[in-house]
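**Q** A single structure is presented below for examination.
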Amino acid sequence: MNEIKLEVEGYYEILNLHKALLEAKFHKNPDNFYVAGSPFIAKICNNIVDMLTEYEIEEKGKDTWGEWRKIENQNLFKERAVENAQNVHGRD
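Numbered according to my numbering, the sequence shown spans residues 356 to 447.
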């Protein structure tokens with residue numbers, strides 16, 4: 356498959372893309388349930404956090420995204436991930 360590139364300009368565009376993907380992954384009542392468990396969406400989300408981390412370290416000399424990434428700091432995401440996993444099993 357040919358590579359397709361998406362260009363995102365600046366910190367705030369990528370930050371808001373990250374927010375939109377999190378909304379899609381962890382929404383209580385998603386329109387497309389399988390987004391939550393998609394390995395492709397997970398990879399994109401991880402790549403975005405890597406980029407946000409790199410930017411923050413370069414621009415501000417600190418890394419708050421490392422702490423953000425820890426599951427113990429994300430109770431809502433952890434709860435929704437468990438709920439989504441249980442719901443996927445119920446849909447098979």
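Cβ atoms here follow ideal geometry from the backbone N, Cα and C, with glycine treated the same way.
Bear in mind that the values here come from a model prediction, so they are computed numbers and not experimental data.
Does DSSP classify Val-363 as helix, strand or coil?
**A** Numbered from its first residue, the sequence shown carries residue 363 at position 8. Correct three-state label for Val-363: coil.
**Q** Per DSSP, what kind of secondary structure is Pro-394 in: helix, strand or coil?
**A** Position 39 of the sequence shown holds residue 394. If DSSP states are grouped into helix, strand and coil, Pro-394 belongs with the helices.
**Q** Would you kindly work out how many angstroms separate the C-alpha atoms of Gly-421 and Ile-359, rounded to a whole number?
**A** Taking the first residue of the sequence shown as position 1, residue 421 is located at position 66. Taking the first residue of the sequence shown as position 1, residue 359 is located at position 4. Using only the alpha carbons, I get a separation of about 29 Å.
**Q** Determine whether the beta carbon atoms of Lys-383 and Val-390 lie at a separation below 8 Å.
**A** By 1-based counting over the sequence shown, the position of residue 383 is 28. By 1-based counting over the sequence shown, the position of residue 390 is 35. No, the pair does not count as a contact, with Cβ atoms beyond the cut-off.
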